[in-house]
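S.K.: Residue 1 is where the sequence shown starts when you use full-length UniProt numbering, and the numbers rise one by one after that. Ideal placement from N, C-alpha and C gives every residue a C-beta, glycine not left out. Can you keep this structure in mind? I'll have questions shortly.
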Amino acid sequence: MPSRKKTGMFAAAFLTCVCSFAIICVVLATPHWVSSKVHFSGTNSSVMVSLTYGLFSGTCEQLVEAGLLVPEKIFQVAAILSNTKVKSTTTAIIVIVVLSLLFSLLSSGFTCTNAVSNPYQTFLGPIGVYTWNSLCGIFILIAMILFPVNIEGNGLSIELAHGCFSALQKHVKSEHTYGYSYWIMLLIIFLNIASIIIIYFYDHARYSKKKEQERPIDNAPKDVILF
């Protein structure tokens, strides 16, 4: 059975891993990654398309300069994307976030195992926790970089606006505001870092204690050494 200290520290790390897993589920499920206002110029008037979407779905509505509002539409992102580059990047982001979810699940399993037992395999201990938390954090960071690149560089919002309303003409400008589904990914990274720090403190304390036990003569009284 593990010591109380080990159980407590790995239980704390398990809690952070579970929170990270839950937040990744929220990130995947919610359509509030970004809100975009995409402006187009028409023959007689200008048009603004307002979009709010995530990785899988979103909503869009069209507002004509005269004040006419086209009813809000619900759309599936993959269904209306035609640009291969935009579609490939979007798919890559989904795969990366799903892999982060898997890494978070593995990290939760490893910390839970260590909280209730002493695994014989080295990789099932702190090394495994470091590995899965690091991979989860790195993949989430990559997703946070790729998503704005897909919007700003590849024109994801413009592509979606054309998919929702086919009669749109020349694009003028776009305005983007990133939503909570995007920004809470920072919390996932912080939770992964917290898990690593907790296990590092445990591992460092265990290593220091082990070194002290291996060199008992250094701490022995001089008269005992002479004897």
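If you draw a straight line from the C-alpha of residue 171 to the C-alpha of residue 62, how long is it?
M.R.: Taking the sequence shown and counting its residues from 1, one reaches residue 171 at position 171. Taking the sequence shown and counting its residues from 1, one reaches residue 62 at position 62. Residue 171 and residue 62: Cα-Cα distance of roughly 14 Å.
S.K.: Out of 45, 132, 27, state which residue places its alpha-carbon closest to the alpha-carbon of residue 143.
M.R.: One-based indexing of the sequence shown puts residue 143 at position 143. Of 45, 132, 27, the residue nearest in Cα terms is 27.
S.K.: Would you mind sorting residue 29 into buried or exposed? The rule is 16 or more other CB atoms within 10 Å of its CB.
M.R.: Locating residue 29 in the sequence shown gives position 29, counting from the first residue. Counting Cβ neighbours within 10 Å, residue 29 comes out exposed, since fewer than 16 surround it.
S.K.: Give the secondary structure of residue 126 by DSSP, where H, G and I count as helix, E and B as strand, and everything else as coil.
M.R.: Walking along the sequence shown from the start, residue 126 turns up at place 126. In this structure, residue 126 counts as helix in the three-state DSSP scheme.
S.K.: Hey, could you find the ends of the alpha helix (DSSP H) residue 89 is sitting in?
M.R.: The count along the sequence shown starts at 1 and reaches residue 89 at position 89. Run containing residue 89: 84 to 116, per the alpha helix (DSSP H) assignment.
S.K.: Quick one: is residue 96 buried, meaning 16 or more other Cβ sit within 10 Å of its Cβ, or exposed?
M.R.: For this step, residue 96 is matched to residue 96 along the sequence shown. Buried, because 16 or more other Cβ atoms sit within 10 Å of the Cβ of residue 96.
S.K.: Whose C-beta lies closer than 8 Å to the C-beta of residue 186 among residues of the same chain, with five residues either side of it excluded?
M.R.: Counted from its first residue, the sequence shown places residue 186 at position 186. So the list reads 144, once near-sequence residues are dropped.
S.K.: Suppose you measure from the CA of residue 99 to the CA of residue 168; what does that come to, to the nearest Å?
M.R.: In the sequence shown, counting from the first residue as 1, residue 99 sits at position 99. In the sequence shown, counting from the first residue as 1, residue 168 sits at position 168. C-alpha separation (whole angstroms): 37 Å.
S.K.: What does the alpha-carbon distance come out to for the pair residue 77 and residue 57?
M.R.: Taking the sequence shown and counting its residues from 1, one reaches residue 77 at position 77. Taking the sequence shown and counting its residues from 1, one reaches residue 57 at position 57. Approximately 5 Å between the Cα atoms of the pair.
S.K.: In the DSSP output, what is residue 74 paired with across the bridge?
M.R.: Numbered from 1 along the sequence shown, position 74 holds the residue referred to as residue 74. Per DSSP, 59.
S.K.: Check whether the segment 88 to 95 and the segment 106 to 123 touch, using three or more Cβ-Cβ pairs below 8 Å as the test.
M.R.: Segments in contact, no.
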